[in-house]
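Line by line, the protein sequences are chains A and B. Take 1 as the starting number for the first sequence in the numbering used here and just add one per residue. Take 1 as the starting number for the second sequence in the numbering used here and just add one per residue. To keep things clear, I will list the structure first and then write my remarks on it.
Number of protein chains: 2
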Amino acid sequence: MKEQSGFEKFSELTRPALRQELERVIAASAENGTPGLHEMITYQLGWTGENAGPKAEGKLIRPLLVLLACEAGGGDWKNALPSAAAVELIHNFSLIHDDIEDDGDTRRGRPTVWKVWGEAQAINTGDAIFALAFASLVNLVERTSPEIGLQAGRIFHRTCLRLTQGQHLDISFEYQDDVELESYWQMVGGKTAALLAFSLEVGALCAGVTPEIQAHFRDFGHYLGMSFQVQDDILGIWGAEEQIGKSTIGDLVTRKKTLPVLFGLAQKNSFYEGWNAGEITSEKAVVLSQILQSEGGRAYAQSTADRLTDLALTALENANPEGEAGDILKELAKILLKRQD
Amino acid sequence: MKEQSGFEKFSELTRPALRQELERVIAASAENGTPGLHEMITYQLGWTGENAGPKAEGKLIRPLLVLLACEAGGGDWKNALPSAAAVELIHNFSLIHDDIEDDGDTRRGRPTVWKVWGEAQAINTGDAIFALAFASLVNLVERTSPEIGLQAGRIFHRTCLRLTQGQHLDISFEYQDDVELESYWQMVGGKTAALLAFSLEVGALCAGVTPEIQAHFRDFGHYLGMSFQVQDDILGIWGAEEQIGKSTIGDLVTRKKTLPVLFGLAQKNSFYEGWNAGEITSEKAVVLSQILQSEGGRAYAQSTADRLTDLALTALENANPEGEAGDILKELAKILLKRQD
Numbered sequence: 001m002k003e004q005s006g007f008e009k010f011s012e013l014t015r016p017a018l019r020q021e022l023e024r025v026i027a028a029s030a031e032n033g034t035p036g037l038h039e040m041i042t043y044q045l046g047w048t049g050e051n052a053g054p055k056a057e058g059k060l061i062r063p064l065l066v067l068l069a070c071e072a073g074g075g076d077w078k079n080a081l082p083s084a085a086a087v088e089l090i091h092n093f094s095l096i097h098d099d100i101e102d103d104g105d106t107r108r109g110r111p112t113v114w115k116v117w118g119e120a121q122a123i124n125t126g127d128a129i130f131a132l133a134f135a136s137l138v139n140l141v142e143r144t145s146p147e148i149g150l151q152a153g154r155i156f157h158r159t160c161l162r163l164t165q166g167q168h169l170d171i172s173f174e175y176q177d178d179v180e181l182e183s184y185w186q187m188v189g190g191k192t193a194a195l196l197a198f199s200l201e202v203g204a205l206c207a208g209v210t211p212e213i214q215a216h217f218r219d220f221g222h223y224l225g226m227s228f229q230v231q232d233d234i235l236g237i238w239g240a241e242e243q244i245g246k247s248t249i250g251d252l253v254t255r256k257k258t259l260p261v262l263f264g265l266a267q268k269n270s271f272y273e274g275w276n277a278g279e280i281t282s283e284k285a286v287v288l289s290q291i292l293q294s295e296g297g298r299a300y301a302q303s304t305a306d307r308l309t310d311l312a313l314t315a316l317e318n319a320n321p322e323g324e325a326g327d328i329l330k331e332l333a334k335i336l337l338k339r340q341d
Numbered sequence: 001m002k003e004q005s006g007f008e009k010f011s012e013l014t015r016p017a018l019r020q021e022l023e024r025v026i027a028a029s030a031e032n033g034t035p036g037l038h039e040m041i042t043y044q045l046g047w048t049g050e051n052a053g054p055k056a057e058g059k060l061i062r063p064l065l066v067l068l069a070c071e072a073g074g075g076d077w078k079n080a081l082p083s084a085a086a087v088e089l090i091h092n093f094s095l096i097h098d099d100i101e102d103d104g105d106t107r108r109g110r111p112t113v114w115k116v117w118g119e120a121q122a123i124n125t126g127d128a129i130f131a132l133a134f135a136s137l138v139n140l141v142e143r144t145s146p147e148i149g150l151q152a153g154r155i156f157h158r159t160c161l162r163l164t165q166g167q168h169l170d171i172s173f174e175y176q177d178d179v180e181l182e183s184y185w186q187m188v189g190g191k192t193a194a195l196l197a198f199s200l201e202v203g204a205l206c207a208g209v210t211p212e213i214q215a216h217f218r219d220f221g222h223y224l225g226m227s228f229q230v231q232d233d234i235l236g237i238w239g240a241e242e243q244i245g246k247s248t249i250g251d252l253v254t255r256k257k258t259l260p261v262l263f264g265l266a267q268k269n270s271f272y273e274g275w276n277a278g279e280i281t282s283e284k285a286v287v288l289s290q291i292l293q294s295e296g297g298r299a300y301a302q303s304t305a306d307r308l309t310d311l312a313l314t315a316l317e318n319a320n321p322e323g324e325a326g327d328i329l330k331e332l333a334k335i336l337l338k339r340q341d
């Protein structure tokens, strides 16, 4: 993901404060004779352990979106720090558990928490991070008001539930021959879009925008997530290796039920037959990707992504984002959505 | 656990309302095309699936303590329903994850969630219940005030973190030869006492008691949990099978580092030698339990439990619990703490 200077500048400006906010919240995890728990949490965040550092920390896109939305809503990004930290913690809680559920060995170039400390400790560490995310959100009241804190709490628990609903569907898909498109959208809506929608909405909420503007920010995050996921689905079959950092056609080999695949299966044609004819080797996957493209799977997914991108950009327009932060959000949306214009 | 009529009466009176409150909160889990998730949650709560019913539901001690504390603090138990539901949900979230972490096959006479649906779905279902617990707590504001809701939120996230800290230590103990007594108390304080302390405190909070009275209720719950755990430790080595529903001396065979065991190991005498001399068979466990008793492990644990029971009853006295609910709490404390007087 190439970054542009506006976003980079904002990231450099806010990152130390975000780190400080996270450190303050996480400190509590070591307080009752549990430095070991604290160590696992800081490892997950990329701060400690072998190869700790910026690469292991990730780009912090979600918390930065919180802060940007607050500024673009006319607020001071500092007031949104507790909710930005909460978002980053929820993201990491879900990563720890997803890595166990999906049997993932590496994350951001390092062994996953369960690989290092075992499943039992990893499940529990995810739970601790979940609790800390909530702790961070409660701190929001100090920076804003009880009313805003309460409203943030309401959208926060809905977001957490949506995440688990998306994950539930994703796990279920593995054992289902027949996945409806509606279920796919429910899954992506929960697994990818919910936390992005929350990030934008809670940031704007901290700025004290009107409910209408708040809804536009939320919609922007929602469609951003939806579009991003469909593009990821396309890259998982037709992406160049250097572009996505993992082997292309990989999603076919692992039989992942992505949008292009669901389209192809619904045609009940050559792709459908190939998919159902035993194991998918790398060689077979290359052939299947070509068949799927010729049957219209790639074009369908691309036009869907384009439509979602339009919806995202329209929502952002309607949110009427202010000042430099508004410009950065627009820039960022275009980069994330790989829009060429 | 034998129940007395006061508690039974209160339980019968409040149970339908508690069930309704839980159903209302849990309904959200099915809303986004995820009836499967809802099914796993209701199975965990003992409402659905084979052998569903009162036995599978458990005694609901924790939520009933919330309601009792509210009444005994001079409030109306109905106002504490959202927090009672939150407590029951947190309890069940931790049970689902504990069962995976401890490789537990059965719970309340039925296969555990991970045994039925696999680990991935079970981890995720626990997460969903965690999110729902938070949702329920937020509903508290409708029944009380934003101030009480906010304070409940603060003690809630601390409680959730304490639970994971206790669990972290418990998992760690398995691989530690040398467990300090201080760590044992930290573990029990988190794993057993924290949720009981929260139950009593949040109930009293809903009644709007003074901070001092609230602290006494919390202390009562804390010491109740601590004493209960030590008694459970004693039963795990010297209990009669019919009394505890699981095989006696079991905690020695599984090498559980309970309070009597830690006492015995610290003596560096015959028990210490036996413990460290290879596998502990059932036969060897019987001998070890006798050695541990002769070295003073049982008496030490019993006097510790008695001291904690005194602290619990004193805290309850200081809380000055009102009316019938106050009497029931006193009754219940004596039953739970197996106090003969």
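For each residue, glycine too, the CB sits at the ideal point set by N, CA and C. In this text, all values refer to a predicted model and were calculated from it rather than measured experimentally.
Worksheet item: Would a check of beta-carbon distances place E21(B) closer than 9 Å to chain D?
Response: Going by chain labels, chain D is absent from the structure shown, which instead holds the protein chains A and B.
Worksheet item: Going straight from the alpha carbon of M187(B) to that of A120(A), what length do you get?
Response: By 1-based counting over the second sequence, the position of residue 187(B) is 187. By 1-based counting over the first sequence, the position of residue 120(A) is 120. Straight-line Cα distance between these residues: approximately 16 Å.
Fill in: C-beta contact flag for D98(A) and Q167(A) at 9 Å
The count along the first sequence starts at 1 and reaches residue 98(A) at position 98. The count along the first sequence starts at 1 and reaches residue 167(A) at position 167. Judged by beta-carbon spacing, Q167(A) lies within the 9 Å limit of D98(A), meaning their Cβ atoms are closer than that value.
Item to complete: Can you have a look at S303(B) and say buried or exposed, based on whether 16 or more other CB atoms are within 10 angstroms of its CB?
Response: The residue given as residue 303(B) occupies position 303 in the second sequence. Classification of S303(B): exposed, given that the 10 Å Cβ count is below 16.
Fill in: Contacts around A305(B), its chain only, beta-carbon distance under 6 Å, and the 5 residues preceding and following it disregarded
Residue numbering aside, residue 305(B) sits at position 305 when the second sequence is read from its first letter. Correct list, in chain order: S227, V230 and Q231.
Fill in: Min CB distance H168(A) to chain B below 9 Å
Position 168 of the first sequence, counted from the start, is the residue given in the question as residue 168(A). Answer yes: the Cβ-Cβ gap between H168(A) and chain B drops below 9 Å somewhere.
Worksheet item: V113(A) to G46(A), Cα distance in whole Å?
Response: On the first sequence, position 113 is the one that residue 113(A) refers to. On the first sequence, position 46 is the one that residue 46(A) refers to. Distance between the alpha carbons of V113(A) and G46(A): 11 Å.
Worksheet entry | Rounded C-alpha distance that separates E23(A) from S136(A) | One-based indexing of the first sequence puts residue 23(A) at position 23. One-based indexing of the first sequence puts residue 136(A) at position 136. CA-CA distance, E23(A) to S136(A), rounds to 11 Å.
Worksheet entry | chain B contacts made by the region 304–319 of chain A, where a contact means CB separation under 8 Å | Per Cβ criterion, the list is empty.
Discussion item. What does the alpha-carbon distance come out to for the pair G245(B) and G236(B)?
Written reply: Here residue 245(B) is taken as the residue at index 245 of the second sequence, counted from 1. Here residue 236(B) is taken as the residue at index 236 of the second sequence, counted from 1. Any reading at G245(B) is ruled out, since the residue's pLDDT is 49, under 50, leaving its predicted position unreliable.
Worksheet item: With distances taken between CB atoms, is the gap from L224(A) to A312(A) smaller than 9 Å?
Response: In the first sequence, the residue the question calls residue 224(A) occupies position 224. In the first sequence, the residue the question calls residue 312(A) occupies position 312. Yes, they are a contact pair.
Item to complete: May I have the straight-line CA-CA distance separating G190(A) from V138(B), to the nearest angstrom?
Response: As a position in the first sequence, residue 190(A) is number 190, starting the count at 1. As a position in the second sequence, residue 138(B) is number 138, starting the count at 1. When rounded, the distance between both Cα atoms is 21 Å.
Discussion item. In the DSSP output, which residue or residues are listed as bridge partners for P111(A)?
Written reply: Numbered from 1 along the first sequence, position 111 holds the residue referred to as residue 111(A). In DSSP, P111(A) forms a bridge with T106(A).
Worksheet item: Using a beta-carbon distance below 9 Å, is C206(B) in contact with chain A?
Response: Translated into positions along the second sequence, residue 206(B) becomes position 206. No, no contact with chain A.
Fill in: Contact list for T34(B) against chain A, beta-carbon separation under 7 Å
Along the second sequence, one-based indexing puts residue 34(B) at 34. Neighbours of T34(B) on chain A, chain order: Q165, H168 and L169.
Practice prompt. With a 10 Å radius around its C-beta and 16 neighbouring C-beta atoms as the bar for buried, classify Q165(A) as buried or exposed.
Written response: Within the first sequence, the letter at position 165 stands for residue 165(A). Buried, because 16 or more other Cβ atoms sit within 10 Å of the Cβ of Q165(A).
Worksheet item: Are there 16 or more other CB atoms within 10 angstroms of the CB of T34(B), so buried, or fewer, so exposed?
Response: Locating residue 34(B) in the second sequence gives position 34, where the first residue counts as 1. Counting Cβ neighbours within 10 Å, T34(B) comes out buried, since at least 16 surround it.
Item to complete: Put G245(B) into one of helix, strand or coil per three-state DSSP.
Response: Sequence index remark: in the second sequence, residue 245(B) carries index 245 (1-based). Since pLDDT at G245(B) reaches only 49, below the 50 mark, its modelled position is unreliable, and no value is offered.
Worksheet entry | Test item: CB-CB of G208(A) and L68(A) under 9 Å | As a working mapping, residue 208(A) is identified with position 208 in the first sequence. As a working mapping, residue 68(A) is identified with position 68 in the first sequence. A distance of 9 Å or more separates the beta carbons of G208(A) and L68(A).
Fill in: Residues near A325(B) in its chain [Cβ-Cβ closer than 6 Å; skip 5 each side]
Counting from one through the second sequence, the residue named residue 325(B) turns up at place 325. The beta carbon of A325(B) sits closer than 6 Å to the beta carbons of L68, E71 and A72 from its chain, once the five residues preceding and following it are set aside; these are given in chain order.
Practice prompt. Identify which residue in P260(A), E295(A) and K78(A) has its Cα closest to the Cα of S270(A).
Written response: Translated into the one-based positions of the first sequence, residue 270(A) becomes position 270. Selected option, being the one with the closest Cα: E295(A).
Worksheet item: DSSP three-state call for V209(B): helix, strand or coil?
Response: To locate residue 209(B), count along the second sequence from 1; it is residue 209. If DSSP states are grouped into helix, strand and coil, V209(B) belongs with coil.
Worksheet item: Listed in chain order, which residues of the region 175–208 of chain A have Cβ atoms closer than 8 Å to some Cβ of chain B?
Response: So the list reads E182, S183, Q186, G189 and G190, given in the order they occur along the chain.
Practice prompt. Could you give the DSSP three-state label for W47(B): helix, strand or coil?
Written response: As a first step, residue 47(B) must be located in the second sequence, where it is residue number 47. Coil, per DSSP.
Discussion item. Tell me which residues share the same chain as L337(A) and place their Cβ nearer than 6 Å to its Cβ, disregarding the 5 neighbours each side in the sequence.
Written reply: As a first step, residue 337(A) is located in the first sequence; it is residue number 337 there, counting from the start. Excluding its 5 nearest sequence neighbours in each direction, L337(A) has C-beta neighbours in its own chain below 6 Å: S227 and T309, listed in chain order.
Discussion item. What would DSSP say about G323(B), mapped onto helix, strand or coil?
Written reply: Taking the first residue of the second sequence as 1, we reach residue 323(B) at position 323. DSSP, reduced to helix, strand and coil, places G323(B) within a helical segment of the structure shown.
Discussion item. Within 9 Å of any Cβ in chain B, is that where the Cβ of G104(A) sits?
Written reply: The count along the first sequence starts at 1 and reaches residue 104(A) at position 104. Output row for G104(A): interface = no.
Discussion item. If we define contact as Cβ-Cβ less than 9 Å, is P82(B) a contact residue for chain A?
Written reply: Mapped onto the second sequence, residue 82(B) falls at position 82. It does not: the Cβ of P82(B) has no partner Cβ on chain A nearer than 9 Å.
Worksheet item: Looking at the C-beta of G225(A), does it have a partner C-beta in chain B at a distance below 9 Å?
Response: Your numbering for residue 225(A) matches position 225 in the first sequence. No, no contact with chain B.
Fill in: Any chain A beta carbon closer than 9 Å to G245(B)
The residue labelled residue 245(B) in the question sits at position 245 within the second sequence. Note that G245(B) scores a pLDDT of 49, beneath 50, so its modelled location is shaky and nothing firm can be said.
Discussion item. Check whether the region 266–284 of chain A and the region 316–324 of chain A touch, using three or more Cβ-Cβ pairs below 8 Å as the test.
Written reply: The region 266–284 of chain A vs the region 316–324 of chain A: no contact.
Fill in: Same chain, Cβ closer than 8 Å to E101(B), neighbours up to 5 away in sequence not counted
Along the second sequence, one-based indexing puts residue 101(B) at 101. The answer, listed in chain order, is Q167 and I171.
Discussion item. Taking the alpha-carbon of V66(A) as reference, which of T210(A), R158(A), L205(A) and R19(A) has the nearest alpha-carbon?
Written reply: On the first sequence, position 66 is the one that residue 66(A) refers to. Cα-wise, what sits closest to V66(A) is L205(A).
Fill in: Straight-line Cα distance separating A30(A) from C160(B)
Here residue 160(B) refers to the residue found at position 160 of the second sequence. Here residue 30(A) refers to the residue found at position 30 of the first sequence. The alpha-carbon atoms of C160(B) and A30(A) are separated by roughly 14 Å.
Worksheet item: Got a sec: is the Cβ-Cβ distance from N124(A) to anything in chain B below 9 Å?
Response: As a working mapping, residue 124(A) is identified with position 124 in the first sequence. Flagged as an interface residue toward chain B: N124(A), by a C-beta distance shorter than 9 Å.
Practice prompt. Give me the Cα-Cα distance between A197(B) and R255(A), rounded to the nearest whole angstrom.
Written response: To locate residue 197(B), count along the second sequence from 1; it is residue 197. To locate residue 255(A), count along the first sequence from 1; it is residue 255. Using only the alpha carbons, I get a separation of about 48 Å.
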